[in-house]
Every structure is written in structure tokens, then in C-alpha cells.
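1 is the number of the first residue of the sequence shown in full-length UniProt numbering; add one for each residue after it.
Each residue gets a CB set at the ideal place from its N, CA and C atoms; glycine is no exception.
Here the structure is laid out as C-alpha cells; the discussion comes afterwards.
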Amino acid sequence: MEECLHRASLISVVFSWTLDDLLNETLFKYQVPKIPKTFLSTNDYTNSFFPALIEETHSDLYSSLMSVPKASFCEIRTMEISKVFNPPYDLFYKITLKNITDEVYGVGKYEPEVGDLIAFTNIRPRSVDDLSRIKRYCHIAYIHGSKDEFTDEIPILLSYEFDLKRNKAQKLYAVCLINMTTNVRIWKALNSEMEGSDMNIIQKVLQPYSRMEQNCQTCLSGVNLGRSNSRVKTIIKAQNLNESQKDAILSCLHMKKCHHNDPIKLIWGPPGTGKTKTVASMLFCLLKLRIRTLTCAPTNTAVLAVVSRLHSIAKDSLEHGSYGLGDILLFGNSKRMKIESYKGLGEVFLDNRVDDLLYCFSPMTGWKNCLESMISLLKDPEEQYALYLNSKHNENVMSLEEFAVGNYNDKKVSVGMSMEQFFKQKFCCFGGKLKSLMKTLCTHLPTSFVSLKVAMKIFRVLELLKSLEVSLSQSKQKQSLNDHFGVGQRIFSWFGWLSFEKEEFLHTLCFLCETIKLPKLTSKYGISQFCLKNACLLFCTASSSSKLYTEGMKRVEFLVIDEAAQLKECESAIPLQLHGLKRCILIGDERQLPAMVKSKIADRAEFGRSLFERLVLLGYKKHMLDVQYRMHPSISMFPSKEFYDGQLSDANIVREISYNKRFLEGKMYGSYSFINISKGKEQCNHDHSLKNVIEAAAISEIIGRLKKEFVRARNKVSIGIISPYKAQVHEIQEKVKQYMVSDPNFSVSVRSVDGFQGGEEDIIIISTVRSNLSGKVGFLSNRQRANVAITRARYCLWIVGNATTLVNSNSVWRKVVVDAKERDCFHNTDEDKKLDQVIEDACFEFELLDESASAFNKLSIRDMSETSTFSSHYCITNLVRLSGAVSATGVRFPSGFC
1 MEECLHRASL ISVVFSWTLD DLLNETLFKY QVPKIPKTFL STNDYTNSFF
51 PALIEETHSD LYSSLMSVPK ASFCEIRTME ISKVFNPPYD LFYKITLKNI
101 TDEVYGVGKY EPEVGDLIAF TNIRPRSVDD LSRIKRYCHI AYIHGSKDEF
151 TDEIPILLSY EFDLKRNKAQ KLYAVCLINM TTNVRIWKAL NSEMEGSDMN
201 IIQKVLQPYS RMEQNCQTCL SGVNLGRSNS RVKTIIKAQN LNESQKDAIL
251 SCLHMKKCHH NDPIKLIWGP PGTGKTKTVA SMLFCLLKLR IRTLTCAPTN
301 TAVLAVVSRL HSIAKDSLEH GSYGLGDILL FGNSKRMKIE SYKGLGEVFL
351 DNRVDDLLYC FSPMTGWKNC LESMISLLKD PEEQYALYLN SKHNENVMSL
401 EEFAVGNYND KKVSVGMSME QFFKQKFCCF GGKLKSLMKT LCTHLPTSFV
451 SLKVAMKIFR VLELLKSLEV SLSQSKQKQS LNDHFGVGQR IFSWFGWLSF
501 EKEEFLHTLC FLCETIKLPK LTSKYGISQF CLKNACLLFC TASSSSKLYT
551 EGMKRVEFLV IDEAAQLKEC ESAIPLQLHG LKRCILIGDE RQLPAMVKSK
601 IADRAEFGRS LFERLVLLGY KKHMLDVQYR MHPSISMFPS KEFYDGQLSD
651 ANIVREISYN KRFLEGKMYG SYSFINISKG KEQCNHDHSL KNVIEAAAIS
701 EIIGRLKKEF VRARNKVSIG IISPYKAQVH EIQEKVKQYM VSDPNFSVSV
751 RSVDGFQGGE EDIIIISTVR SNLSGKVGFL SNRQRANVAI TRARYCLWIV
801 GNATTLVNSN SVWRKVVVDA KERDCFHNTD EDKKLDQVIE DACFEFELLD
851 ESASAFNKLS IRDMSETSTF SSHYCITNLV RLSGAVSATG VRFPSGFC
């Protein structure tokens, strides 16, 4: 491991592993020390993360190799050496892929992306043993560049030199393993390899909190915003925020001019406390104050939630169409973000912005060309018509639209038009383009390039253009303007145009032509950098913030990290090193789930711990959002007391009578209840995950009733079913799939606790799964996981489980059961006769299947061969006996059982 720390890159570390190393799950078992809470220096800080990062990468690769039969793959059509090929290390090649339209054993076509790590093999591996068998022909490769749009070539870096001549006749495959992009970016950040990286803020969070903020009179006075203070308070007031939200925003904005040593602010946002609304409102204030800010989050989903709320606030405040949105920029992987699912976000998404501006900046067909063409038409329509007539004498012919944009080469001529027809068509052509281009300018250019004064001129042009178009369409000349050629300036009166309108229109166009100086950029990369450099508010994942490390990038003054408690501290090091960064605001809740870590070794080393959590452990002060707007008071009571020291209060909206919704009859189905299923059966599946078919059957019955009630009353309802175990999630999905059909008014979602973090539904049903006499509950005992599960519901939370097991567990779930009993919210299933019968039937089916499995297991292959007649008779007799009993209860054997 020590040797690995000195390698040039994480990729070279991975390439140093043999296949045996990759398949050794415990390769680094004793080489990953625990990450400390304090650090002596920035080198001590960065070096402490390397071992865990390497182990997590190794664990991720190991996991992908174990499931290689399910991995996507593609066949390689051609392979050749790249120009930058330089053995023994720079083993760069270029590949093209064979088109595969069909699916092979359920695995879809694979399209390699930058950052993918692939197994480069000469067979399609159907098991991990296949890789071991062809060890000599199995290489690891890294996709280090995008596919060339002209040649379809994909640049790859190979771990070993490949003999192209010797292997020319072989089929070659690329099997997708993992994407390394985030880990590679973390590695570079820890090595300070980012352009202009600055450890200023990281230096200040190495040791415990200095407590200078508490004594900072500049902050406490609240005057450091100066003249902006009243404006900010007006903005905040318009957002209808509670006191804790207002205070959080003001305390963050006061950091602007406060010069105490601590640059970090923590905002603590428990479930349902309006964290996203608070962050979006704060960002809107930063936008109005023109403070360049980067907002990050661990996932695309979290980023999109914030930018969507901000976009909504900004749109509501805009007074002139979409002018001003150019100051907001969202960037990231378009495929993963699925921008089209979020209304309006295309207006601020980098890829869309680049495409629109590329057209607008084009010297041949863009803004400047169109504007000058319209000015020429209005100034001297006679001359433009003469040019058109002269073009008729050329051998080649072209359409009017082609003529209008100056495209004269290799085109055929339309037969001559009258001046009236010519002017109308050309004016409409230019007018339509101008509308589109002016909307692009207002929407996508930052306000530093299009001032409000210029924007108002653009909107005036649009008004005049609309008026002139109306006059043009209503004109009914009886006399052809061809007859009046030579007096072209009189054309405007023929169309009913008022002289002052036409003159104002022309004058304003000339003003815009002289005033708007667009950058001379004709490449997507150049325009992308232009947008990134000039936006005021930037949004991306923490990993994607690495794109801001480019030469000439304008400094980011504020960094806001949402869901900061779910972001590994080493990953937060990517945005924290931005050059010129002065302040950082972390928003999160360390009492909910942290970042996911696949490796148990890395997890024990605290690799998943966030900067937010570490600073809390060091005594940093948190500003708490203390009013929750999600849960019915009977639901919020326990988590507030157990996880938030009773500091969480209920908003007025959740205390109103209208919030007390009932979806099913019976006390068991009130706002909050624990439903005790004492006859549950926990069992382990092939992936060592647990399930409880009795609980799944009970939940299926409850969902069936909710569906019937929905059909009767047609009241919209969303239902979330949560379980901590993947096997139980799958079991419940199978049981309730008939109710999961697409219906916008009745939705059923079944997910793990981890998958539900950040989500909420009208009704939440929790399946705790564990059912044993010893009180073993495994990772169900995790308090953070319990907190997430219990705080997802709006109106109803129904917890399904074995009360005896949970009470004996001596975990947080013991407190859940005791609390439910004390509040008279504890119910046994025999209180609902129909539900109790469903459970009895499910138990009977489970016992029959268990008995039949035991009967078969007792018959060894040797016994069957030696006493085939007796064994066959024994088997058939048991099947007849069991099938008779099963048929009587209406339960079917599993497929293939007989």
C-alpha cells in the first residue's frame, strides 16, 4: 500500500493489480488505518484518505467482477495503436465497436463512456471463472476519452501491451466493470493536481473549532451587508420563511464581509424542515448580491432538486421574460441528469445553452448576420431586390431563404417574385430568426454581457416586430409593387407601416448592432468555458466541480454543499480547493445516512464520514432548522424526541385537521401505528440478504385494500414501502407488482431505506423483516437508517414487524415498540380478522414449501440411484399428500416444483 501511494495516478495503481489481486476480497484488510478526526497538516490530511480510497476502488472492482455475467459488453470491431502510444506505460490504443442490435442473455448493448474501467477479453465472460481461465487474454483497460464523432474511434489506455498482429484474428470484447471518474477526481484533488488548487479552507478545518465566530461582533451586529441588507430582507420576506430559516440565510450572507478566521458555516436540516427551500432562497439572495457561488451535492438528484426550486423562484421574480437566467448555470452528465424530466431546467443547462449560443454566435447564420441583413433590408429594400433580380441571371438557382442568409453557392434559382412578395418573405424570414436569436441572447447570456438597458431595447424590438408583422399580413395592395420599382422607399406606406414605427425599429436595431459585442467563439468547448466563467450561480455534483479547474476561470467566492452529510470528506476536497474560495456553507443532517461505502474495510476506517459530521464532532456550531412541514404530529413525535432532542416542532400546516387523513377504516390504520406480526419468518436468500414472506403477504393485502379504496373514492395517494433488506424489497415488489401499474393518482414505490433517503410519500409502510427469538436485528439497529425510514411519511406511517424480536434487540427499534405501546398505537394482527387470515394462509404455505424442500433434501443422489423404486414412490406419495393439502387452501406450488 505504501508503494501505491507514490504512484502517478489511481489508474496506474489499478493497473498494477493482477487478476488474482482483483479477486482477493481481503487484499488490503490490514492496510487501511482509521481516518482521524484532526490532522497536523494538509499533507497529513490528504494522505489519510489514500488507503481507504484504494481499498474502496478495489472492493468496487471485486464486486463488479463477481457479477460479471450480468455486465454489459460490446464487441470490438477494430483496434489500432494511438499516436501517443509510448511503452511501457502510455499504452494508448483506439478502438471502434461492432454494432450489436440484439441482447445476449439479458445483457443490453454497452456504449463505453469516459472514465469506464473495462475488462478487455477474447470471450464473453459468463462467469468469473471464465476470466481466470483466460487470464493470459484478460486485460484491464480505461476509457480516457470520448468517441470521435467523425471516425467513431474511442481512445483507451491498456494495462498491458497488446500484440495486434498476433491477435488479429481473435474476437475482442469490452466488458463494463465500473466507472472511475469520481475516484480519479478525488485522487487528483488529494494530490493537489487541479489547476490552481488552493488549500486555504482545508487548512482551517484540520483542527477543532476556534470559537472566534461566537465573539465576532461584525457578524452579530448584522450590519455587514451594508446597503444590501434591506434588499436581502425584502427578498427573504417574499419567500414566506420561518424564523429559523431566515436566521440561517442571514447568518450565511453575513459571512460576505466578516473577516474572522472560520470560513465554514453549518446549517442543520432535519427531515421535512424545508432545507431545499431555505438553500434556494439563500442562493437567490446571493444571485441578487452578485456573489459568484458554486452549489454542489453528492448526487445529480440532489443537485436537480435545489436548482429546480431556485429556477422556480427566479422565474417568478423575472420582470422581462427569461432575461437573467443566463446568470444561472447547471452542468453535468446529460444522460444521467435526465433534464427533460424537470420543467424549465433546459433554460439553465449547459449543454442546451452551448447548442443555442453556438448557433447564435455563428458568423454566417447567427445574430450579427441576421441583424445586419434586416437592417440592410429596411434601409434600402430597392438595392436588396436588385441583388435578388441579378441572381436570377446566374446559372444556379436558389430559394429565397437561401438568398436571404447569403448562401449563394451551388443553388438553383426560384422564378422571379414581385418586390412585394420578395420583401414580405425576406422580412418574415429575418423576423422569425431575430425572435429566436433575441430570446437566446436574453435567456442564455449573463447579465454582464446584456445589461438591463440593452435587454429593454431587445424587448422593444420584439414589440415593434410584432406590430410590423401584423400590418404586413393585413396589407391588401391592389397594385403590384413591381410597377413602382425605383421608389422602393415608399414600400413601407404600401404595407400600412407608420413612419415613426419603422424608424424606431431600424434605429433600435442599429443600436443593438453597435452595443451587443458577442465573443468570437465557434467551438462548443470555447462557448462552454465562456458560460462557466461568466455565470453567477453554478450547479453541479461535487465530483463535476473539477471542470472549474481551468486556466482563466473566474474565482468562485462562495461554496454551498447541499446534503453535505452524505458526501465523503475526501470528495468534498474537490470543490473546496477552488482558487479564491472564501466561504463554504454546509447544509445537511449527520443523524441521517452518510455516504455509501461498499468496502467493509473502508467503512470501518470511517471513509464514508463527511466533513459536516467531522466538524460537528469537533464542536462546530450548527444552525438548526427547527420547524418540520412534512409529517403528521403523531409521526414526528418519536423522531423529534429520539433523534433531535425534542427540538423539532410541527408547522401549523401539519397540525390542521385537514392533515389528519384516513385512507383505511380501523384504528390500526391511523396516522401512526406499529402492526405486530408475531408469526413472521425471516429467511436468507442466495445473496445473503434477508426476507420475510409473511410480512410481504400482509403488506400486499394492505396495498390491495388501499387500491380498492382508491377505485371507490378516487382520492389521489402515493405509497412508499421501505425495507432495509434488498431481498425483502424484491419479495414485496413481486407481491404488489399488480398495483404498481402506471397511474398518476395511485403510485406504489418499493425501495430500500438507503434508496428512500430524501424522498417522501403520503403513506409509508416499513417492513422490518427480522423475526427471531434471540433479538438479532443486524444493521437494522443503525440509528441513522431508522431515522430515515421513520421520517418519510406525510400522513400515515405503518411499521410492520415482530415486536418480540425488536424489543429483545436492545436497539432503537425497542424504543419504537415501547413508544407505540405507551401511545396506544400498537396493534396485533388479530385485531383485523381478514389480515390475520392472510397471515395464517401465508404461514401455512411457507411451512408446506419448507417441508417439501426438506423432504427432497433428505433424498441424496446415491439413495435415489440405489433404491429408485422406493425413492420414486416416496417422492410421489409426498407430492400427492402435499399437493392435496395445498390445493385445499388455494396455494400453488412454485413453478417447476413437481
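- Compute the beta-carbon to beta-carbon distance between C252 and K265, rounded to the nearest angstrom, for a pair I have assumed lies under 8 angstroms. Working through the sequence shown from its first residue, we reach residue 252 at position 252. Working through the sequence shown from its first residue, we reach residue 265 at position 265. Yes, they are in contact, since the Cβ atoms of C252 and K265 sit about 5 angstroms apart, within 8 angstroms.
- Between the C-alpha atoms of I876 and G680, what's the straight-line distance to the nearest angstrom? Here residue 876 refers to the residue found at position 876 when the sequence shown is read from its first residue. Here residue 680 refers to the residue found at position 680 when the sequence shown is read from its first residue. Since pLDDT at I876 reaches only 31, below the 50 mark, its modelled position is unreliable, and no value is offered.
- Task: List the endpoints of the continuous beta strand (DSSP E) containing H623.
- Result: Taking the first residue of the sequence shown as position 1, residue 623 is located at position 623. Where H623 is concerned, the enclosing beta strand (DSSP E) stretches over 622-624.
- In whole angstroms, what is the alpha-carbon distance linking H632 and V812? Taking the sequence shown and counting its residues from 1, the one referred to as residue 632 is at position 632. Taking the sequence shown and counting its residues from 1, the one referred to as residue 812 is at position 812. Whole-angstrom Cα-Cα distance: 21 angstroms.
- Item | N-terminal and C-terminal residue of the beta strand (DSSP E) that E75 is part of | Along the sequence shown, read from residue 1 onward, the residue named residue 75 stands at position 75. Start and end: 73-81.
- Query: In terms of residue numbering, what span does the beta strand (DSSP E) encompassing M155 cover?
  - Reply: Working through the sequence shown from its first residue, we reach residue 155 at position 155. The question names Met, yet the displayed sequence has Pro at residue 155. Here the beta strand (DSSP E) through P155 covers 154-158.
- Query: Under 8 angstroms between the Cβ atoms of A803 and F638?
  - Reply: Reading the sequence shown from its first residue, position 803 is the one you call residue 803. Reading the sequence shown from its first residue, position 638 is the one you call residue 638. Their beta carbons are not under 8 angstroms apart, which means A803 does not touch F638 by this criterion.
- Message: For a test of the three-state rule: what should DSSP assign to F663, helix, strand or coil?
- Response: The residue labelled residue 663 in the question sits at position 663 within the sequence shown. Correct three-state label for F663: coil.
- Nearest to I721 (by Cα), restricted to the options R714, N715, A713, I732: Translated into positions along the sequence shown, residue 721 becomes position 721. Selected option, being the one with the closest Cα: I732.
- Message: Under 8 angstroms, Cβ to Cβ, is there at least one residue of chain B near C570?
- Response: The structure shown has no chain B; it contains just one protein chain.
- Task: Could you check which residue in Y385, K517, Q474 has the C-alpha nearest to that of K445?
- Result: Residue numbering aside, residue 445 sits at position 445 when the sequence shown is read from its first letter. A small correction: the amino acid at residue 445 is Leu; Lys does not occupy that position in the sequence shown. The residue with the shortest Cα to Cα distance from L445 is K517.
- State the beta-bridge partners of N179 as determined by DSSP. Position 179 of the sequence shown, counting from 1, holds the residue named residue 179. For N179, which the question treats as bridged, DSSP gives the partners D116.
- Exposed or buried, T18, counting other C-beta atoms within 10 Å across all chains shown (16 or more means buried)? Counted from its first residue, the sequence shown places residue 18 at position 18. Burial call: exposed.
- Item | Within the region 785-829, ranges of the alpha helix (DSSP H) (whole runs, at least 4 residues) | 803-808, 812-822
- Message: Taking the straight line between their C-alpha atoms, what separation do you get for V693 and Q728?
- Response: On the sequence shown, position 693 is the one that residue 693 refers to. On the sequence shown, position 728 is the one that residue 728 refers to. Each residue's Cα considered, the two are about 8 angstroms apart.
- Query: Roughly how many angstroms separate the alpha carbons of A564 and D163, rounded to a whole number?
  - Reply: For the purposes of this step, residue 564 is taken as the residue at position 564 of the sequence shown. For the purposes of this step, residue 163 is taken as the residue at position 163 of the sequence shown. Going by the C-alpha atoms only, they are around 48 angstroms apart.
- Could you tell me which of K338, D589, D90, T46 sits nearest to R783, measuring between CA atoms? Taking the sequence shown and counting its residues from 1, one reaches residue 783 at position 783. Of the listed residues, the one whose Cα sits closest to R783 is D589.
- Query: Under three-state DSSP, which class holds S634?
  - Reply: Numbered from 1 along the sequence shown, position 634 holds the residue referred to as residue 634. S634 falls in the helix class under three-state DSSP.
- Query: Between the region 566-580 and the region 542-553, are three or more C-beta pairs nearer than 8 angstroms?
  - Reply: yes
- Query: What is the DSSP secondary structure of A698, reduced to helix, strand or coil?
  - Reply: Here the question's residue 698 lines up with position 698 in the sequence shown. Correct three-state label for A698: helix.
- Message: Closer than 8 angstroms is the cut-off here; do at least three beta carbon pairs connect the region 238-250 with the region 595-610?
- Response: no
- Tell me whether Y795 is buried or exposed, calling it buried when 16 or more other Cβ atoms sit within 10 Å of its Cβ. As a working note, residue 795 is residue 795 in the sequence shown. Classification for Y795: buried.
- Thinking C-alpha only, which one of Q170, D650, A595, E613 is nearest L625? Numbered from 1 along the sequence shown, position 625 holds the residue referred to as residue 625. Closest option to L625, Cα to Cα, is D650.
- Query: How big is the Cα-Cα spacing for N300 and T276?
  - Reply: Indexing the sequence shown from 1 puts residue 300 at position 300. Indexing the sequence shown from 1 puts residue 276 at position 276. Approximately 14 angstroms, taken between the alpha carbons.
- Should L40 be labelled buried (16 or more other beta-carbon atoms within 10 Å of its own) or exposed? For this step, residue 40 is matched to residue 40 along the sequence shown. Its Cβ having fewer than 16 others within 10 Å, L40 is exposed.
- Identity of the residue in N179, N191, L97, P125 nearest T151 by Cα: What you label residue 151 is simply residue 151 of the sequence shown in a count that begins at 1. Nearest of N179, N191, L97, P125 to T151, Cα basis: L97.
- Task: Express the C-alpha separation of Y388 and E401 in angstroms, rounding to a whole number.
- Result: On the sequence shown, residue 401 is found 401 positions in, with the first residue counted as 1. On the sequence shown, residue 388 is found 388 positions in, with the first residue counted as 1. Legend: pLDDT at E401 = 49, less than 50; position of this residue unreliable, value from coordinates given subsequently. C-alpha separation (whole angstroms): 11 angstroms.
- Start and end of the alpha helix (DSSP H) containing I527? In the sequence shown, residue 527 corresponds to position 527, counting from 1. Looking at the DSSP string, the run of the alpha helix (DSSP H) that includes I527 is 524-534.
- Count the C-beta pairs between the region 312-325 and the region 584-598 that are closer than 8 angstroms, then say yes if the count reaches three, no if not. no
- Task: Can you tell me which of the three DSSP states V654 falls into?
- Result: By one-based count along the sequence shown, residue 654 stands at place 654. Residue state, collapsed to three classes: helix.
- Message: Output needed for I11: all residues of its chain with C-beta closer than 6 angstroms, excluding positions within five of it in sequence on either side, in chain order.
- Response: As a first step, residue 11 must be located in the sequence shown, where it is residue number 11. Closer than 6 angstroms at the Cβ level, and outside the excluded window around I11, lie Y142.
- Task: Verify whether the separation of the beta carbon atoms of S192 and Q239 is less than 8 angstroms.
- Result: Within the sequence shown, numbered from 1, the residue matching residue 192 stands at position 192. Within the sequence shown, numbered from 1, the residue matching residue 239 stands at position 239. For S192 and Q239, no; Cβs fall outside 8 angstroms.
- Excluding the five sequence neighbours on either side, which residues of its own chain have a C-beta within less than 7 angstroms of the C-beta of N183, listed in chain order? The sequence position of residue 183 within the sequence shown is 183, counting from 1. So the qualifying residues of the chain are L10, L53, T57.
- Task: For the alpha helix (DSSP H) containing F558, list its first residue and its last residue.
- Result: Position 558 of the sequence shown, counted from the first residue, corresponds to residue 558. Run containing F558: none in the alpha helix (DSSP H); it sits in the beta strand (DSSP E), 558-561.
- Query: From C296, Q738, E709, pick the residue whose C-alpha is nearest to that of L537; which is it?
  - Reply: Position 537 of the sequence shown holds residue 537. Answer by Cα proximity: C296.
- Which runs of the alpha helix (DSSP H) fall wholly inside the region 40-68 and span at least 4 residues, in chain order? 42-47, 50-66
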